[in-house]
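S.K.:
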Amino acid sequence: MNPTTEKQDAILSDTIDILKTRIPVPFSEIRLDSVVVGVFFTGVKLSSGYGGICFTPVDLIPEAVCCSTAASAMPYCGKMQGVSVEDMLTHMSSPAPLVRAVIISVVNALSAWFFDICPEGTYAIEHDKDAFDLLNTIDPATPVVVVGALWPVIHRLKLRGAQYRLFELNKGALREEELPFFVPPEEQNVVLSRAGCVVLTGATLVTGTLENLLARIPQGIPVIIGGPTVSMIPDAFFSRGVTAIGGDIVTRPDEILSTVMQGGSGYHFFGKAADKILIHNV
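Each residue of the sequence shown is one higher than the one before, counting from 628 in this note's numbering.
1. What are the partner residues of Ser661, as DSSP defines its beta bridges?
2. How far does the alpha helix (DSSP H) with Arg783 in it extend, from its first residue to its last?
3. In this structure, does DSSP put Leu801 in helix, strand or coil?
4. Based on Cα-Cα distance, which residue from Arg879, Thr886, Gly890 and Val909 lies nearest to Ala900?
5. Would you kindly check if the distance between the Cβ of Asp660 and the Cβ of Leu673 is under 8 Å?
6. Mind checking which residues open and close the alpha helix (DSSP H) that includes Lys647?
7. Arg843 to Ala822, Cα distance in whole Å?
8. Look at Met859 and Gly835 and say whether their C-beta atoms are less than 8 Å apart.
9. Can you find at least 3 beta carbon pairs, one from the stretch 764-777 and one from the stretch 732-752, that sit closer than 8 Å?
10. In this structure, does DSSP put Gly873 in helix, strand or coil?
11. Give me the Cα-Cα distance between Asn629 and Ile852, rounded to the nearest whole angstrom.
12. Expressed to the nearest angstrom, what Euclidean distance is found between the alpha-carbon atoms of His907 and Met715?
13. Quick one, are the C-beta atoms of Ala871 and Ala758 less than 8 Å apart?
14. Which ranges does the alpha helix (DSSP H) cover as unbroken runs of at least 4 residues, wholly within the stretch 798-841, from first to last along the chain?
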């Protein structure tokens, strides 16, 4: 187990620094063309034409029922069109969930740009592949730690008869039949030491819990991170022991923003405005 404690957002910060050296246009010259904060996803389109999305962390906003005070922490609200990527990224350390969602969407859009121009073989990418398909290769006799209420993952594990344990910040988000598998925080390190695999959602990047989780996973245990939120270059993840990340490439930015604006989810845009990708650490 890695005894070091990383600062929150270290992965996001490292990823931004890498992209600054790889994108052929200075961040000061790239603008936000469109920004949408939907019920399920947040999305952006850059002046370069590339787009990116991130899940909308509504459950992290206590005042989300009405007139959220978090709105006051949303920089450029109503005036985001034309703001430079450089200026937007200066708010990376903001605790406001919606700000973080926009920034991660920007990083994903920049990553889509680099995926498009990087030399062939830079990354081991499989297209139209779901990260959680890798669970089919895990020995069902070894327990899988699932971080977050990932219903598709839990369903797959149940069908395979696999053992699993659940880490979840909001215990109330679990169904009654899942409660026996819930692991309280004080027991998590022991459970991690015995895991055959750890599966995380990209939402941990938004909540700021990812670095701490990765630091607690013993070396050698496969770590899979999936979801549109982690649709970014994998360098900073792989250097911290992640086995594979699965996200998406936005292929039709205008269409996906329209879908997101109208309350759409992945079921509405995958295969239409975005394609799934799986990147292996090799």
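Note that beta-carbon positions come from the ideal geometry of N, C-alpha and C, so glycine has one too.
M.R.: Short version:
1. For the purposes of this step, residue 661 is taken as the residue at position 34 of the sequence shown. According to DSSP, Ser661 bridges with Lys672.
2. Position 156 of the sequence shown, counted from the start, is the residue given in the question as residue 783. That run of the alpha helix (DSSP H) goes Trp778 to Arg787.
3. The residue given as residue 801 occupies position 174 in the sequence shown. In the three-state scheme derived from DSSP, where H, G and I count as helix and E and B as strand, Leu801 is classed as coil.
4. Counting from 1 along the sequence shown, the entry for residue 900 is found at position 273. Answer by Cα proximity: Arg879.
5. In the sequence shown, residue 673 corresponds to position 46, counting from 1. In the sequence shown, residue 660 corresponds to position 33, counting from 1. In this structure, Leu673 lies near Asp660, with their beta-carbon atoms less than 8 Å apart.
6. Mapped onto the sequence shown, residue 647 falls at position 20. Following the DSSP letters along the chain, one finds Lys647 inside the alpha helix (DSSP H) bounded by residues Ala637 to Arg649.
7. Mapped onto the sequence shown, residue 843 falls at position 216. Mapped onto the sequence shown, residue 822 falls at position 195. Cα-Cα distance, rounded: 12 Å.
8. Taking the first residue of the sequence shown as position 1, residue 859 is located at position 232. Taking the first residue of the sequence shown as position 1, residue 835 is located at position 208. Going by C-beta atoms, Met859 is not nearer than 8 Å to Gly835.
9. They do not touch, by the three-pair rule.
10. Against the sequence shown, residue 873 aligns to sequence position 246. Here Gly873 carries a strand assignment [DSSP, helix/strand/coil].
11. Indexing the sequence shown from 1 puts residue 629 at position 2. Indexing the sequence shown from 1 puts residue 852 at position 225. At Asn629 the pLDDT is 48, less than 50, meaning the model places this residue with poor confidence; the figure from the coordinates comes in the next sentence. Roughly 18 Å between the two C-alpha positions.
12. Taking the sequence shown and counting its residues from 1, the one referred to as residue 907 is at position 280. Taking the sequence shown and counting its residues from 1, the one referred to as residue 715 is at position 88. Using only the alpha carbons, I get a separation of about 30 Å.
13. Along the sequence shown, one-based indexing puts residue 871 at 244. Along the sequence shown, one-based indexing puts residue 758 at 131. Ala758 is positioned such that its CB atom lies closer than 8 Å to that of Ala871.
14. Taking only runs of at least 4 residues, the alpha helix (DSSP H) segments lying wholly in the stretch 798-841 are 815-820 and 830-834.
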